[in-house]
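Numbering (my numbering), first residue to last: 158 to 265.
Have a look at the structure below before the remarks.
Right, here's the structure in full:
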């Protein structure tokens, strides 16, 4: 198990460490469902959720969730253009889950 320290100046540097586990863990999301990308009224939430889940970021000015002069949609486009294929597959599967639910409702 690899251990890493927080960066200098981080308030938890002296009390916490980051640990990389040997085995992959799958997060279980609870609460509000992931927004759908095919609904205009959910697009703003969808973009932010995808960035939070898949773009490395922190609150420092050097690693923001999106650059200040960039729109949320442009930040997501940038992520999608540089993300590895497994990440793109996961994002697509999130939408497919909605499509399967809708298809099941149509046939029930």
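Glycine included, each C-beta is placed from N, C-alpha and C at the ideal position.
All values derive from a computational prediction rather than experimental measurement.
Could you check if residue i is buried or exposed, using at least 16 other CB atoms within 10 Å of its CB as the buried criterion?
i: residue 203; result: buried
i: residue 174; result: exposed
Give the secondary structure of residue i by DSSP, where H, G and I count as helix, E and B as strand, and everything else as coil.
i: residue 159; result: strand
i: residue 212; result: coil
i: residue 202; result: helix
i: residue 175; result: strand
i: residue 182; result: coil
i: residue 167; result: coil
i: residue 196; result: coil
Please return the same chain residues whose Cβ sits closer than 8 Å to the Cβ of residue i, not counting the five positions on each side in sequence.
i: residue 245; result: 237
With distances taken from CA atoms, which of the options is nearest residue i?
i: residue 170; options: 160, 179 and 178; result: 160
i: residue 229; options: 250, 206, 243 and 242; result: 206
i: residue 167; options: 187, 183, 216 and 201; result: 216
i: residue 176; options: 163, 252 and 210; result: 163
Give me, in chain order, the residues of the same chain whose beta-carbon lies closer than 7 Å to that of residue i; leave out the 5 immediate sequence neighbours on both sides.
i: residue 212; result: 222 and 236
i: residue 233; result: 204, 207 and 208
Would you say the beta carbon of residue i comes nearer than 7 Å to a heavy atom of the ligand FAD?
i: residue 202; result: No copy of the ligand FAD appears in this structure; indeed no ligand is present at all.
Apart from the five residues just before and just after residue i, which ones in its own chain have a Cβ nearer than 6 Å to its Cβ?
i: residue 252; result: 194
i: residue 266; result: This structure gives no information on residue 266, because the portion of the chain shown stretches from 158 to 265.
_Complete runs of the alpha helix (DSSP H) confined to the region 235-263 [at least 4 residues]_ = 242-263
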